[in-house]
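Just so we're aligned, residue 16 is where the sequence shown starts under the working numbering, counting upward by one. Each residue gets a CB set at the ideal place from its N, CA and C atoms; glycine is no exception. Before any comments, here is the structure.
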Amino acid sequence: AGIATYPRKVIKKHSVKKQEKRSKVKAFIKVVNYNHLMPTRYNLEVDLKATVTADVTENATKKEAALKEVKKLFEERFKTGKNRWFF
16 AGIATYPRKV
26 IKKHSVKKQE
36 KRSKVKAFIK
46 VVNYNHLMPT
56 RYNLEVDLKA
66 TVTADVTENA
76 TKKEAALKEV
86 KKLFEERFKT
96 GKNRWFF
């Protein structure tokens, strides 16, 4: 899972509606071969193993539900201000 569209910059003079719209996150789910990943020192303390499993990508309804759950986790993480460097 990852972030397809990052939240945009929000300033104080934006209306509440505009702030909500700009702080949305679009997520994606993708099957990746772990041998092709480069390790980095950056990590995000969000547990996605429970929501994103191997059978999620095969079934469309499960994938939609998992995408909504991942999006909710990322947006919650952004709005609380934790891991500000990630967004």
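Simplified DSSP assignment, three categories, for residue i
i	result
Ala65	coil
Lys36	helix
His1	Residue 1 lies beyond the range of the chain shown here (16 to 102); nothing can be said about it.
Thr72	coil
Glu60	coil
Lys86	helix
Val3	Look at the range of the chain in this structure, 16 to 102, and you will see that residue 3 is not part of it.
Lys94	helix
C-beta contact flag for residue i and residue j at 8 angstroms
i	j	result
Ala19	Ile44	no
Inter-residue CB distance, residue i and residue j (contact presumed, cutoff 8 angstroms)
i	j	result
Leu59	Phe101	6 angstroms
Arg37	Arg56	Not quite, the Cβ-Cβ distance comes to about 29 angstroms (not below 8 angstroms), so this is no contact.
7 angstroms Cβ shell around residue i - same chain, five flanking residues per side excluded
i	result
Thr72	Ile44, Val46 and Lys78
Asn98	Leu59 and Arg92
Cβ shell of residue i (< 8 angstroms), same chain only, five flanking positions each side left out
i	result
Val67	Ala16, Ile44, Ala81 and Val85
For residue i, the residue or residues it bridges with in DSSP
i	result
Lys41	Thr20
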